[in-house]
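To keep things clear, I will list the structure first and then write my remarks on it.
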Amino acid sequence: MTPLPLLAYRLLTRALEPLAPRLLDARAARGKEDPARVDERMGFTRIERPEGDLVWLHGVSVGETLSLLPLVERFVKARPDLTVLVTSGTVTSARILEDRLPKGVIHQYAPVDGPGAVGRFLDHWRPALAVFVESELWPNLLLEAHRRGVKLALVSARITEKTVEGW
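Here the sequence shown is numbered in the working numbering, starting from 145 and rising by one per residue.
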């Protein structure tokens, strides 16, 4: 049975998700989103998913995404047949990754934590493994990935006791 706070969160995000495009457009107007790629935040992409296994690495901001680079390089060297997808949540982190990701590694913006956006993202990319380097936990993203059989790893994340109690 789903705990009541989690059920309330899921219902609220479902109800509010139709407002997300307007919020994202407003953020884009202030330079907080990339206007050319804002649809990625709603789970849409213009990039075809390559055949074969795909590993998804996610960090929100600059520090977290930079900490992914050694892991990206290890995956690329150890498994050249593997597609590596890196997601981030900020314009600055995306710009830095654009210059530093090895050739062939795909970058996308992470979807907002609405059920529709998360579903579209996961249905398209179908990762076998997702590695999150952050302390922001997005319930819809984690629950839907788990429901689809994606192996999940949360690494290098610090969560306070207060956050644990809140969840």
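We put the CB at the ideal spot given by N, CA and C, even for glycine.
(message) Using a Cβ-Cβ cutoff of less than 6 angstroms, which residues in the same chain neighbour SER205 once the five nearest sequence positions on both sides are dropped?
(response) THR234, SER237
(request) Keeping to the same chain, check which residues put their C-beta closer than 6 angstroms to that of ASP158; ignore five residues upstream and five downstream. (result) According to the sequence shown, residue 158 is Arg rather than Asp. The residues are PRO259.
(message) Checking 8 angstroms against the spacing of the C-beta atoms, do MET145 and PRO255 come in under that value?
(response) no
(request) Could you tell me the distance, in whole angstroms, from the CA atom of LEU286 to the CA atom of LEU296? (result) 8 angstroms
(message) Could you tell me the alpha carbon to alpha carbon distance between ILE240 and PRO246, rounded to whole angstroms?
(response) 12 angstroms
(message) For HIS251, list the residues DSSP reports as bridge partners.
(response) VAL230
(request) Using alpha carbons as the reference points, say which of ARG291, PRO283, LEU298 lies closest to PRO149. (result) PRO283
(request) Could you tell me the distance, in whole angstroms, from the CA atom of THR189 to the CA atom of TRP269? (result) 10 angstroms
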